[in-house]
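S.K.: As they're listed, the protein sequences go chains U and D. With the working numbering, letter number 170 in the first sequence gets 170, and the count goes up by one each step, no holes. With the working numbering, letter number 216 in the second sequence gets 216, and the count goes up by one each step, no holes. Where is the CB? At the ideal position from N, CA and C, for every residue including glycine.
2 protein chains.
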Amino acid sequence: MNDYSSYLSPMGRRLHESAIRRMGTVLARQTDVVSFAPGYPDSGSFPWEELREITQRLLSGTDHEVLQYGPTGGYTPLVESIVPILDARGITVARDEVLVTTGSQQGLDLIARLFVTPGDVVLVELPAYTGAIAAFGNAQAQLVGVRQESDGISLEDLDEVCERHRAAGRRVNLLYLVPNFQNPTGLLLSLEKRRQLLEWAERRDMLIVEDDPYGSLYFDDVTRVEETRSIRADDKSGRVIYLSSFSKTLVPGLRVGWVVAPSTLIDRLETAKQSVDLMSGSLDQRVVYEAIRGGAIERLAPRLRELYRRKRDVMETALRAEVGNLLSWTQPRGGFFLWARLPDRHDDMGLLAQALEERLVFVVGSAFFVDGTGHDRIRLSFSAPTPERIQEGARRLAAALRHPVASEHSSR
Amino acid sequence: MNDYSSYLSPMGRRLHESAIRRMGTVLARQTDVVSFAPGYPDSGSFPWEELREITQRLLSGTDHEVLQYGPTGGYTPLVESIVPILDARGITVARDEVLVTTGSQQGLDLIARLFVTPGDVVLVELPAYTGAIAAFGNAQAQLVGVRQESDGISLEDLDEVCERHRAAGRRVNLLYLVPNFQNPTGLLLSLEKRRQLLEWAERRDMLIVEDDPYGSLYFDDVTRVEETRSIRADDKSGRVIYLSSFSKTLVPGLRVGWVVAPSTLIDRLETAKQSVDLMSGSLDQRVVYEAIRGGAIERLAPRLRELYRRKRDVMETALRAEVGNLLSWTQPRGGFFLWARLPDRHDDMGLLAQALEERLVFVVGSAFFVDGTGHDRIRLSFSAPTPERIQEGARRLAAALRHPVASEHSSR
Numbered sequence: 001m002n003d004y005s006s007y008l009s010p011m012g013r014r015l016h017e018s019a020i021r022r023m024g025t026v027l028a029r030q031t032d033v034v035s036f037a038p039g040y041p042d043s044g045s046f047p048w049e050e051l052r053e054i055t056q057r058l059l060s061g062t063d064h065e066v067l068q069y070g071p072t073g074g075y076t077p078l079v080e081s082i083v084p085i086l087d088a089r090g091i092t093v094a095r096d097e098v099l100v101t102t103g104s105q106q107g108l109d110l111i112a113r114l115f116v117t118p119g120d121v122v123l124v125e126l127p128a129y130t131g132a133i134a135a136f137g138n139a140q141a142q143l144v145g146v147r148q149e150s151d152g153i154s155l156e157d158l159d160e161v162c163e164r165h166r167a168a169g170r171r172v173n174l175l176y177l178v179p180n181f182q183n184p185t186g187l188l189l190s191l192e193k194r195r196q197l198l199e200w201a202e203r204r205d206m207l208i209v210e211d212d213p214y215g216s217l218y219f220d221d222v223t224r225v226e227e228t229r230s231i232r233a234d235d236k237s238g239r240v241i242y243l244s245s246f247s248k249t250l251v252p253g254l255r256v257g258w259v260v261a262p263s264t265l266i267d268r269l270e271t272a273k274q275s276v277d278l279m280s281g282s283l284d285q286r287v288v289y290e291a292i293r294g295g296a297i298e299r300l301a302p303r304l305r306e307l308y309r310r311k312r313d314v315m316e317t318a319l320r321a322e323v324g325n326l327l328s329w330t331q332p333r334g335g336f337f338l339w340a341r342l343p344d345r346h347d348d349m350g351l352l353a354q355a356l357e358e359r360l361v362f363v364v365g366s367a368f369f370v371d372g373t374g375h376d377r378i379r380l381s382f383s384a385p386t387p388e389r390i391q392e393g394a395r396r397l398a399a400a401l402r403h404p405v406a407s408e409h410s411s412r
Numbered sequence: 001m002n003d004y005s006s007y008l009s010p011m012g013r014r015l016h017e018s019a020i021r022r023m024g025t026v027l028a029r030q031t032d033v034v035s036f037a038p039g040y041p042d043s044g045s046f047p048w049e050e051l052r053e054i055t056q057r058l059l060s061g062t063d064h065e066v067l068q069y070g071p072t073g074g075y076t077p078l079v080e081s082i083v084p085i086l087d088a089r090g091i092t093v094a095r096d097e098v099l100v101t102t103g104s105q106q107g108l109d110l111i112a113r114l115f116v117t118p119g120d121v122v123l124v125e126l127p128a129y130t131g132a133i134a135a136f137g138n139a140q141a142q143l144v145g146v147r148q149e150s151d152g153i154s155l156e157d158l159d160e161v162c163e164r165h166r167a168a169g170r171r172v173n174l175l176y177l178v179p180n181f182q183n184p185t186g187l188l189l190s191l192e193k194r195r196q197l198l199e200w201a202e203r204r205d206m207l208i209v210e211d212d213p214y215g216s217l218y219f220d221d222v223t224r225v226e227e228t229r230s231i232r233a234d235d236k237s238g239r240v241i242y243l244s245s246f247s248k249t250l251v252p253g254l255r256v257g258w259v260v261a262p263s264t265l266i267d268r269l270e271t272a273k274q275s276v277d278l279m280s281g282s283l284d285q286r287v288v289y290e291a292i293r294g295g296a297i298e299r300l301a302p303r304l305r306e307l308y309r310r311k312r313d314v315m316e317t318a319l320r321a322e323v324g325n326l327l328s329w330t331q332p333r334g335g336f337f338l339w340a341r342l343p344d345r346h347d348d349m350g351l352l353a354q355a356l357e358e359r360l361v362f363v364v365g366s367a368f369f370v371d372g373t374g375h376d377r378i379r380l381s382f383s384a385p386t387p388e389r390i391q392e393g394a395r396r397l398a399a400a401l402r403h404p405v406a407s408e409h410s411s412r
């Protein structure tokens, strides 16, 4: 038996693969590749010694729960320590409004499964995070894009798109957003628009899924912390479901994220999580909890802001020197990504093919667009590579851009 | 806003909660409770020192990948080390036929999502593992039960049920089974029936989902290792999807399980996993790999068989002494569970209420039956409690059974 297609569910048949993950696989198979592709944190920033000491203590054998099954909703002290982290972000919640997830991606998947009836419209930005596109797509949502402006999502377009699809008889309940240093654009949503979004959600009876992995990684030369204030912080009517994780502020290899939602929804998300993976890793959760308790995450945050700001500078300087006449971009104000516009007559797929020849990899812009556009953009991550590799990558990008243009997509 | 029901998907509205997980929560909130409820391994068996040393080495900081994002399909050396583990079980596979999952539960969920179109019939045993019931139920399957006999599933009933539902126009593609020391009955499926099941799957064009968490925990006083040979081992035509994990043979707190399937299906399962949790924990996977490499899992296996066999003996002896005239059961030949039949005029829910008064908890039989029956059964786990607690639990069970019968379910 070789063909299983007749056995598959609709989801099984039209699975959404993440272009970023695919790039990661390409990368892993080659040597001397400069990768601007996956949004990996800088592993040099991981607090190895602290985590080693924590783990040593946890595995002493005195507390047998450390490697045992545990509650689906999360290790209680961890849940309780997320509450003050949220408080520092202006978000006041009780512990029954928090669910620990196996990374933020699981939060997205659980939300998609809980809310999306096949055929529902889910509104996302143009462009949007591919992991969210995959999670909502695999729940059989129809993803509909909303235009962006320099200060984030266009509220006019949002309202127009929402009402147009409702008028066409579709169910439209969810808007997915990354307000802080969006993946892939790095854009910061303005405070004024955040306020207006809450009013809009109330007026149009919508829920907002606010994904905030990068909020604490603002670059203080151009961004004030107040500008990263979450939409959830001012949500008085339970319209916002908020996600975050420790993947960017501690380490991603311990799979610990969380969802904030009204307790009735947390109950349901937790029940869904039971059948999805029973619980997140016991050791992972405890290591993260001890890292919070010992102050590691608080100590790390300013160093990470500084680290990534400097890497952004290295990338901008290198790009200006090597390809400044060809690429254009808006300065990233935080996060991991520089979102570059290609010169006319180049497109993302053709350029990637050339870049691979030069042993450079990045993510094509079109991967982030649910409407088939975006071929004039590429996403360059400056978070993981060293300054020297960033400079080398910029040189390779220049070489790739010098190649004659020839691609099946170049007409787009 | 308090009522979110109008926003929910069909799955969100009718979520399947695991009765076992609920019992675990009840347990966690009380003191001096004897728990025969969750199927937790004995945490005293965890190789603390070895895992501490492994983790110490891994977190030295020399290999930055240890806490970084990694490939969705699993840490390559781990995948490669699962291949010989399977080989020792008679299962010959290539590495592209193995997917690492965040525990076996994730494997079940991915399979459910990949194969179940809402309304599809999925065949399960009467009784069946609640986590599988939840995973298939949350994928909107119609779960249909098949009778068991003393040597496992009834092949006559299986064929009759399958053909009846097909004749009624339903799609029936999947049979879910735990052949080795089934949860909850502890039953061992006979070798003859395993062979017949493969023929049946071929004849009826079915896929078999074979879940094998307990296979290596056979009790050698009454079971030979050859009797645990997996169905997958003799599958020549790609009809069996096999699941297993390290939760029962190493520790459950590191969330590492795996799925074996033809590579075309592994590809799809991996793509589904991308949007579900990106990847399983990097540290967890490496710790498990090092435990395999260092021989820890091989060294543990005979000790675990001996440990759980002795606990079974303790429970059987204690039950015979305390309630031998009231309960009946078949001797467990491996695994974690004793499946007891209640005396007439008792039922599972009423007895559980009485048991909770005595600070004893177990799982009601009816939780495992998709047809609403099973109220004359309870599942008693002997795996986690100490011998003394098992004896104390048996005394409490006797006290609970002495109470007058009064329950809304007692008429069933």
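Keeping to the same chain, check which residues put their C-beta closer than 8 Å to that of residue 8 of chain D; ignore five residues upstream and five downstream.
M.R.: Working through the second sequence from its first residue, we reach residue 8 of chain D at position 8. Excluding positions up to five away in sequence, the list is empty.
S.K.: Is the number of C-beta pairs between the segment 214–232 of chain U and the segment 175–193 of chain U that are closer than 8 Å three or more?
M.R.: yes
S.K.: According to DSSP, is residue 244 of chain D helix, strand or coil?
M.R.: The residue labelled residue 244 of chain D in the question sits at position 244 within the second sequence. Reduced to three states, the DSSP call for residue 244 of chain D is strand.
S.K.: What residue from D:323, D:361, D:306, D:161 has the CA that sits closest to residue 32 of chain D's CA?
M.R.: In the second sequence, the residue the question calls residue 32 of chain D occupies position 32. For residue 32 of chain D, the nearest C-alpha among the options comes from D:361.
S.K.: For a cutoff of 8 Å on Cβ pairs, would you count residue 268 of chain U as touching chain D?
M.R.: Taking the first sequence and counting its residues from 1, one reaches residue 268 of chain U at position 268. At least one chain D Cβ lies under 8 Å of residue 268 of chain U.
S.K.: Find the residues of chain U that neighbour residue 119 of chain D, judging by a C-beta separation of less than 9 Å, and give them in chain order.
M.R.: To locate residue 119 of chain D, count along the second sequence from 1; it is residue 119. Within 9 Å Cβ-Cβ: nothing; residue 119 of chain D doesn't reach chain U, min ~11 Å.
S.K.: According to DSSP, is residue 362 of chain D helix, strand or coil?
M.R.: The sequence position of residue 362 of chain D within the second sequence is 362, counting from 1. Note: residue 362 of chain D maps to coil in three-state DSSP.
S.K.: Among the candidates D:56, D:124, D:3, whose CA atom is the shortest distance from the CA of residue 207 of chain D?
M.R.: Taking the second sequence and counting its residues from 1, one reaches residue 207 of chain D at position 207. Nearest Cα to residue 207 of chain D within the set D:56, D:124, D:3: D:124.
S.K.: Kindly provide the ranges of any beta strand (DSSP E) runs that are 3 or more residues long and lie completely inside the segment 67–117 of chain U, ordered along the chain.
M.R.: 98–101
S.K.: Starting from residue 115 of chain D, find everything on chain U with Cβ-Cβ shorter than 8 Å and list it in chain order.
M.R.: On the second sequence, position 115 is the one that residue 115 of chain D refers to. In chain order: 7, 8, 9, 12.
S.K.: Identify which residue in D:354, D:3, D:5, D:15 has its Cα closest to the Cα of residue 275 of chain U.
M.R.: Counting from one through the first sequence, the residue named residue 275 of chain U turns up at place 275. The residue with the shortest Cα to Cα distance from residue 275 of chain U is D:15.
S.K.: At least one CB of chain D closer than 8 Å to the CB of residue 43 of chain U: is that the case?
M.R.: Your numbering for residue 43 of chain U matches position 43 in the first sequence. Yes, residue 43 of chain U counts as interfacial toward chain D.
S.K.: Are there 16 or more other CB atoms within 10 angstroms of the CB of residue 367 of chain U, so buried, or fewer, so exposed?
M.R.: Indexing the first sequence from 1 puts residue 367 of chain U at position 367. With a 10 Å radius around the Cβ and a threshold of 16 neighbouring Cβ atoms, residue 367 of chain U comes out buried.
S.K.: Which runs of the beta strand (DSSP E) at least 3 residues long sit entirely within the segment 274–316 of chain U? Give them in chain order.
M.R.: none
S.K.: Look at the alpha carbon of residue 130 of chain U and the alpha carbon of residue 370 of chain U, and state the distance between them as a whole number of angstroms.
M.R.: By 1-based counting over the first sequence, the position of residue 130 of chain U is 130. By 1-based counting over the first sequence, the position of residue 370 of chain U is 370. Their backbone Cα atoms lie some 9 Å apart in a straight line.
S.K.: Is the CB of residue 48 of chain D under 8 Å away from at least one CB in chain U?
M.R.: As a position in the second sequence, residue 48 of chain D is number 48, starting the count at 1. Output row for residue 48 of chain D: interface = yes.
S.K.: Where do the ends of the alpha helix (DSSP H) carrying residue 156 of chain U lie?
M.R.: On the first sequence, residue 156 of chain U is found 156 positions in, with the first residue counted as 1. Residue 156 of chain U -> alpha helix (DSSP H) spans 155–167.
S.K.: Kindly list, in the order they appear in chain D, the residues whose Cβ is closer than 7 Å to that of residue 237 of chain U.
M.R.: Position 237 of the first sequence, counted from the start, is the residue given in the question as residue 237 of chain U. Residues of chain D passing the Cβ test: 1.
S.K.: If we ignore side chains and look at the alpha-carbon of each, how far apart do residue 324 of chain U and residue 343 of chain U end up?
M.R.: Against the first sequence, residue 324 of chain U aligns to sequence position 324. Against the first sequence, residue 343 of chain U aligns to sequence position 343. Computed Cα separation, rounded: 11 Å.
S.K.: For residue 280 of chain U versus residue 101 of chain U, is the C-beta spacing smaller than 8 Å?
M.R.: As a position in the first sequence, residue 280 of chain U is number 280, starting the count at 1. As a position in the first sequence, residue 101 of chain U is number 101, starting the count at 1. Their beta carbons are under 8 Å apart, which means residue 280 of chain U touches residue 101 of chain U by this criterion.
S.K.: Quick check: what's the CA-CA separation for residue 12 of chain U versus residue 115 of chain D?
M.R.: Translated into positions along the first sequence, residue 12 of chain U becomes position 12. Translated into positions along the second sequence, residue 115 of chain D becomes position 115. Whole-angstrom Cα-Cα distance: 6 Å.
S.K.: Since residue 389 of chain U meets chain D, which of its residues come closer than 9 Å, beta carbon to beta carbon?
M.R.: Taking the first sequence and counting its residues from 1, the one referred to as residue 389 of chain U is at position 389. In chain order: nothing, as chain D lies at least about 14 Å away.
S.K.: In whole angstroms, give me the CA-to-CA distance for residue 228 of chain U and residue 335 of chain U.
M.R.: By 1-based counting over the first sequence, the position of residue 228 of chain U is 228. By 1-based counting over the first sequence, the position of residue 335 of chain U is 335. Residue 228 of chain U and residue 335 of chain U: Cα-Cα distance of roughly 11 Å.
S.K.: Looking at residue 222 of chain D: is its Cβ nearer than 8 Å to the Cβ of residue 331 of chain D?
M.R.: The residue you call residue 222 of chain D lines up with position 222 of the second sequence. The residue you call residue 331 of chain D lines up with position 331 of the second sequence. It is a contact, given that the beta carbons lie within the stated cut-off.
S.K.: Taking just the CA atoms, how far does residue 171 of chain D sit from residue 224 of chain D?
M.R.: To locate residue 224 of chain D, count along the second sequence from 1; it is residue 224. To locate residue 171 of chain D, count along the second sequence from 1; it is residue 171. The alpha-carbon atoms of residue 224 of chain D and residue 171 of chain D are separated by roughly 38 Å.
S.K.: Determine the contact status of residue 104 of chain D and residue 247 of chain D, defining contact as a CB-CB distance below 8 Å.
M.R.: Looking up residue 104 of chain D in the second sequence gives position 104. Looking up residue 247 of chain D in the second sequence gives position 247. With a cutoff of 8 Å on beta-carbon distance, residue 104 of chain D and residue 247 of chain D are scored as near each other.
S.K.: Are the C-beta atoms of residue 165 of chain U and some chain D residue less than 8 Å apart?
M.R.: For the purposes of this step, residue 165 of chain U is identified with residue 165 of the first sequence, where counting begins at 1. It does not: the Cβ of residue 165 of chain U has no partner Cβ on chain D nearer than 8 Å.
S.K.: Kindly list the residues whose CB is nearer than 7 Å to the CB of residue 255 of chain U, restricted to its own chain and excluding five residues on each side of it in sequence; keep chain order.
M.R.: Taking the first sequence and counting its residues from 1, one reaches residue 255 of chain U at position 255. 102, 103, 280, 281, 284.
S.K.: Just reading off the alpha helix (DSSP H) that residue 145 of chain U is part of, what are its end residues?
M.R.: In the first sequence, the residue the question calls residue 145 of chain U occupies position 145. Unbroken run through residue 145 of chain U is the beta strand (DSSP E), 142–146; no alpha helix (DSSP H).
S.K.: Check the DSSP bridge columns for residue 340 of chain D and list the partner residues they point to.
M.R.: Locating residue 340 of chain D in the second sequence gives position 340, where the first residue counts as 1. Beta-bridge pairing links residue 340 of chain D to D:329, D:378.
S.K.: Between the segment 289–298 of chain D and the segment 233–253 of chain D, do three or more beta carbon pairs fall short of 8 Å?
M.R.: yes
S.K.: Nearest-angstrom Cα distance between residue 373 of chain D and residue 134 of chain D?
M.R.: Here residue 373 of chain D corresponds to residue number 373 of the second sequence, with the count starting at 1. Here residue 134 of chain D corresponds to residue number 134 of the second sequence, with the count starting at 1. If you take the alpha carbons of residue 373 of chain D and residue 134 of chain D, they lie about 17 Å apart.
S.K.: Have a look at D:297, D:55, D:84, D:184 and flag the residue whose alpha-carbon is nearest the alpha-carbon of residue 126 of chain D.
M.R.: As a working note, residue 126 of chain D is residue 126 in the second sequence. The residue with the shortest Cα to Cα distance from residue 126 of chain D is D:184.
S.K.: Can you tell me which of D:340, D:136, D:376 puts its alpha carbon nearest to the alpha carbon of residue 394 of chain D?
M.R.: By 1-based counting over the second sequence, the position of residue 394 of chain D is 394. Ranking the options by Cα distance to residue 394 of chain D, first place goes to D:340.
S.K.: In the DSSP output, what is residue 125 of chain D paired with across the bridge?
M.R.: Sequence index remark: in the second sequence, residue 125 of chain D carries index 125 (1-based). According to DSSP, residue 125 of chain D bridges with D:146.
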